[in-house]
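Under numbering that gives the first Met the number 0, the residue at position 54 of the sequence shown is numbered 53, and the numbers go up by one with no gaps.
Structure first, commentary second.
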Amino acid sequence: MTNIQALSKKILFVLLIGAAFTGCSKDDKGPDNKEEEETTAGADHTFDVTLVNKADAANTIEYKGAAPNDEARAIYRNRTISGETEHSITMLFGKLEEAGSIYGNFDLDDDDQPFTELGPYHLADGGVLEIRPEGTADLYTSVSGTLTFSDLKYALPTASVGAAAYTLKFEGDFAKYTSGTKSDETYHASGTFVISPEDDMGTYKAP
Numbered sequence: 000m001t002n003i004q005a006l007s008k009k010i011l012f013v014l015l016i017g018a019a020f021t022g023c024s025k026d027d028k029g030p031d032n033k034e035e036e037e038t039t040a041g042a043d044h045t046f047d048v049t050l051v052n053k054a055d056a057a058n059t060i061e062y063k064g065a066a067p068n069d070e071a072r073a074i075y076r077n078r079t080i081s082g083e084t085e086h087s088i089t090m091l092f093g094k095l096e097e098a099g100s101i102y103g104n105f106d107l108d109d110d111d112q113p114f115t116e117l118g119p120y121h122l123a124d125g126g127v128l129e130i131r132p133e134g135t136a137d138l139y140t141s142v143s144g145t146l147t148f149s150d151l152k153y154a155l156p157t158a159s160v161g162a163a164a165y166t167l168k169f170e171g172d173f174a175k176y177t178s179g180t181k182s183d184e185t186y187h188a189s190g191t192f193v194i195s196p197e198d199d200m201g202t203y204k205a206p
């Protein structure tokens, strides 16, 4: 849990920076070398997650819903701070570390395409997911699995920070924590996230 807490503190700072871009003009454009694709901003973001206990399939959690456009987001980053390169998408439904939230961080290659491996926080060139179903004190965090992105687009008010929109399907094994304590239970999880374009971020373009 130490790694998860350290990551969360770092990401909270990133999210605050990302919030500053929500007031950017719709006339802003990203890099000129990318083909423009118009999209409709403002639609709800959606999530649909299933968690199945690997030792007892009857213990299954279905967690699905929609979040208003201003209550979820995916931030794009491509910058170097204090010698550390950050090239990733950070996704958040709800409020960080609170019940009902879903958090993801996905590393990108040089062509702004996400890597497809899902795993723990310390995984290089991959992604991590943390799911806190509403109404519980439980946290489910990724151990291994795969990620599949489609309809990926970026709005880039600057070259280093912007927003992403996409459909993400995932599947893999997750560890369970209750009130900060890791249990012996492992869950197989699968699901789909849809992140819609944000209002006032400008034109979204495919990478």
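Glycine included, C-beta positions come from ideal geometry on N, C-alpha and C.
Keep in mind the model is a prediction, meaning the values are calculated, not measured.
(message) If distances are taken between C-alpha atoms only, which option among Y62, R78 and N68 comes closest to V160?
(response) V160 has its Cα closest to that of R78, out of Y62, R78 and N68.
(request) Tell me, to the nearest whole angstrom, how far the beta carbon of E133 is from that of T140; I am working on the premise that it is less than 8 Å. (result) Contact flag wrong, Cβ pair sits at about 17 Å.
(request) At 3 residues or longer, and completely inside the segment 157-187: list those beta strand (DSSP E) runs for me, N to C. (result) Counting whole runs of 3 or more residues, the segment 157-187 contains the beta strand (DSSP E) stretches 160-177.
(request) Count the other CB atoms, across all protein chains shown, that sit within 10 Å of the CB of D198; report buried if there are 16 or more and exposed otherwise. (result) D198 is exposed by the Cβ-count criterion.
(request) With K63 as the anchor, note down where its beta strand (DSSP E) starts and where it stops. (result) For K63, the uninterrupted beta strand (DSSP E) run begins and ends at T59 to A66, by DSSP.
(request) Could you tell me whether the Cβ atoms of A163 and A73 are closer together than 7 Å? (result) The answer is yes: Cβ separation under 7 Å.
(request) Put D109 into one of helix, strand or coil per three-state DSSP. (result) DSSP places D109 outside both helix and strand once states are collapsed to three, so it counts as coil.
(request) Inspect the beta-carbon positions of L146 and L117 and report whether they are closer than 7 Å. (result) By the CB criterion at 7 Å, L146 and L117 fall inside the cutoff.
(message) Residues in the same chain with beta-carbon distance under 7 Å from K25, minus the five sequence neighbours each way, listed in chain order, please.
(response) In this prediction, K25 scores a pLDDT of 37, lower than 50, which makes its location untrustworthy; the coordinate-derived value is nonetheless stated afterwards. Excluding sequence neighbours, K25 sits near D199 and G201.
(request) Kindly indicate which three-state DSSP category E133 falls into: helix, strand or coil? (result) When secondary structure is reduced to three states using DSSP, E133 falls in the coil class, being assigned neither helix nor strand.
(request) Go to H121, then tell me how far its beta strand (DSSP E) extends in each direction, as first and last residue. (result) For H121, there is no enclosing beta strand (DSSP E), as DSSP gives it neither H nor E.
(message) Within 10 Å of its beta-carbon, does A188 have 16 or more other beta-carbons around it, so buried, or fewer, so exposed?
(response) By the 16-neighbour rule on beta-carbons within 10 angstroms, A188 is buried.
(request) Alpha carbon to alpha carbon, how far is H44 from Y102? Give it in angstroms, no decimals. (result) Approximately 13 Å between the Cα atoms of the pair.
(message) With a threshold of 8 Å, are at least 3 pairs of Cβ atoms found where one atom belongs to the segment 147-156 and the other to the segment 118-128?
(response) Too few Cβ pairs lie closer than 8 Å, so no.
(request) Could you name the residues of the same chain whose beta carbon sits closer than 6 Å to that of A154, not counting the 5 residues immediately before and after it, in chain order? (result) Non-local beta-carbon contacts of A154 in its own chain, meaning distances under 6 Å to residues more than five positions away in sequence, involve G161, A162, M200, G201 and Y203 in chain order.
(message) Using the Cβ count rule (16 or more neighbours within 10 Å means buried), how would you classify N104?
(response) Under this definition N104 is a buried residue.
(request) Look up P30 in the DSSP assignment and say whether it is helix, strand or coil. (result) Low local confidence applies: a pLDDT of 42 at P30 is under 50, so the model's placement there is unreliable, and no value is given.
(request) Look up E70 in the DSSP assignment and say whether it is helix, strand or coil. (result) DSSP places E70 in helix when its eight states are reduced to three.
(message) Cutting at 6 Å between CB atoms, please list the residues of its own chain near R131, excluding the five before and the five after it.
(response) Hits under 6 Å: A98, S100 and L138.
(request) Return the first residue and the last residue of the beta strand (DSSP E) that L91 is part of. (result) For L91, the uninterrupted beta strand (DSSP E) run begins and ends at E83 to F92, by DSSP.
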